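Encoded as structure tokens, the structure appears first; notes follow it.
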Amino acid sequence: MKKTYKIISTLIVSILFFSAIQSVSAQKLDRIARDRAKNMLKIVVNQVEDKYYDQNFKGINLKEKEKAAMKKIDKANSLGQALSIIAQVLLDFDDSHTFFIPPARPAKIEYGWKMKMIGDNAYIYAVKPKSDAHKKGLKAGDKVLMVNNFRLSRRDLWKLNYYYYSINPQTKMKLVVQSPNSQPREVIINTKIKRTKRVVDLTNSNGFSDFLRELSEDNESLDHRFIKTNNVVVWKMPTFAINPDQIGEIMDEHIKGSSALILDLRGNGGGYVKTLEQLAGFMFDKKVKIADTKTRKKSEASFADSENKETYKGKVIVLVDSDSGSASEVFARLMQIEERGKVLGDVSAGAVMQSTQETVSMGVNTVILYGASVTNSDVIMTDGKSLEKVGVIPDEKVLKTGADLANEKDPVMARALEMLGVKITPDAAGKFFPFYWADGKKGNVTAVNP
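Position one of the sequence shown corresponds to residue 492 (the working numbering), numbered consecutively onward.
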């Protein structure tokens with residue numbers, strides 16, 4: 492029987508999921524395409540009206556927004572512009588889980604590099620070997636000062652990612668970067684473009700399977716990985732979007748019997764609520780409330796599912812960074828509130844809501860898919876506060892530097908192990924979990940691994 496789960500995941504994860512099939516599009520809009528764009532706008536606005544958790548829509552007049560956007564679409568010169576107009580209507584909510592999911596277009600893009608915020612600065616943390624980014628000298632550890640003449644901020648980086656990955660991908664990206672102990676330099680990186688199907692034929696199972704594979708080919712691996720040292724288990728958990736039943740299997744196979752657990756949630760954008768409840772259930776020997784989810788009509792409590800579980804008694808340290816979102820943030824904050832474990836790393840994403848994602852189709856047998864992610868509930872922790880726009884403040888803030896990234900060092904992991912009585916250098920800790928792309932290939936361009 493197919494199971495469905497409530498999703499609590501960050502915008503970043505959703506971008507990665509839906510953006511892999513997006514393409515560059517500067518094509519002119521004909522009448523049919525313009526009418527389709529208007530129809531998309533109308534439908535996603537209706538989805539927000541029906542599902543958004545705040546009946547007052549944060550004071551936004553949706554009908555006026557829709558009317559103004561319709562006029563802009565009349566003047567749009569390209570599909571990219573039209574999609575940007577639709578996207579902006581939902582971006583005006585400034586809500587991490589409310590955004591437009593554009594339709595697939597006839598190409599897949601690959602920039603070949605990935606960046607994230609560390610503290611208040613953006614850094615390259617992964618570069619694909621043999622990519623144009625590699626050929627142009629981009630390396631992990633490079634500080635990103637500008638992207639296409641835009642300065643980067645922690646608050647707005649997700650919007651830039653959303654635009655360039657999902658709404659209007661670019662054939663070239665102009666970066667101003669600075670390697671450790673070097674002067675800033677400009678790098679223009681060509682985008683790799685692969686032609687794909689314009690539409691998805693849902694009557695053909697092979698077509699749909701190909702579609703799913705296309706979505707994840709250019710992303711980071713989501714494999715769960717484990718290392719044990721001095722009876723301390725380190726669990727690299729990249730997502731909560733796994734079958735909740737797997738949590739028990741992982742606890743029995745990898746965690747049970749250890750004296751301490753380091754749960755590495757860096758880069759983990761969230762996942763299923765039930766998976767969160769299952770994992771939390773192993774941390775407590777009694778029923779513990781996690782949070783309240785507040786919708787338009789009611790408030791519903793979420794609890795750690797500790798029933799019929801062998802409680803894990805070891806010490807727990809949770810690692811988070813700026814890409815740790817939603818379920819990751821809720822779990823980390825729960826451990827703090829209940830004084831069950833310590834949190835190390837960077838301030839988390841502050842993207843903690845629950846959402847519903849609805850897909851709409853155009854066509855009959857052969858269809859074009861699009862839709863919206865809409866926040867349908869706020870998440871309030873037991874201290875009465877929401878983590879949205881705030882994030883989890885670590886008990887101890889430990890940040891990687893550009894030099895750490897360039898030389899594959901992990902001072903955050905080293906510090907966590909030190910707190911548990913295990914002496915290890917940042918160099919050795921950096922070898923625990925080498926970077927893997929979603930296609931299973933190991934590889935990252937760094938100063939020590941060119």
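Where is the CB? At the ideal position from N, CA and C, for every residue including glycine.
Being a predicted model, the structure only gives us computed values, none of them experimental.
- Under the DSSP assignment, Gly772 falls in the alpha helix (DSSP H) whose first and last residues are 764 to 772.
- Approximately 15 Å separates the beta-carbon atoms of Val678 and Leu643; this is outside 8 Å, ruling out the contact.
- The region 830 to 838 makes no contact with the region 860 to 868; the number of CB pairs closer than 8 Å stays below 3.
- Membership of Glu791 in the beta strand (DSSP E) is indicated by the continuous run 790 to 795.
- In the three-state scheme derived from DSSP, where H, G and I count as helix and E and B as strand, Ser657 is classed as helix.
- Counting along the chain, the unbroken alpha helix (DSSP H) around Asn530 starts and ends at 522 to 542.
- Between the region 723 to 738 and the region 901 to 917, the count of C-beta pairs closer than 8 Å reaches three or more; the two stretches touch.
- If you draw a 10 Å sphere on the C-beta of Ala792, you find fewer than 16 other C-beta atoms in it, and that means exposed.
- Burial check for Gln737: the Cβ neighbour count within 10 Å stays below 16, so the residue is exposed.
- Per DSSP, Gly739 lies in no beta strand (DSSP E); the unbroken alpha helix (DSSP H) holding it starts and ends at 736 to 741.
- For Asp611, the closest of Gly805, Lys719, Ser839 by C-alpha to C-alpha distance is Ser839.
- One Cα belongs to Met664, the other to Thr802, and the distance between them is close to 50 Å.
- Residue range 570 to 582 is occupied by the alpha helix (DSSP H) that includes Gln579, with no beta strand (DSSP E) assigned at that position.
- Exposed is the label assigned to Arg787, since fewer than 16 other Cβ atoms lie within 10 Å of its Cβ.
- Three or more pairs of CB atoms, one per stretch, sit closer than 8 Å, so the region 753 to 764 contacts the region 809 to 817.
- Measuring C-alpha to C-alpha distances from Leu825 to each of Glu798, Ser852, Asp783 identifies Asp783 as the nearest.
- Nearest C-alpha to Asp521 among Met531, Phe590, Asp565, Ala613: Asp565.
- Annotation: Met844 to Gly882 spans about 12 Å, alpha carbon to alpha carbon.
- The three-state reading of DSSP puts Lys630 in coil, since its state is none of H, G, I, E or B.
- The C-alpha of Lys563 lies about 15 Å from the C-alpha of Leu553.
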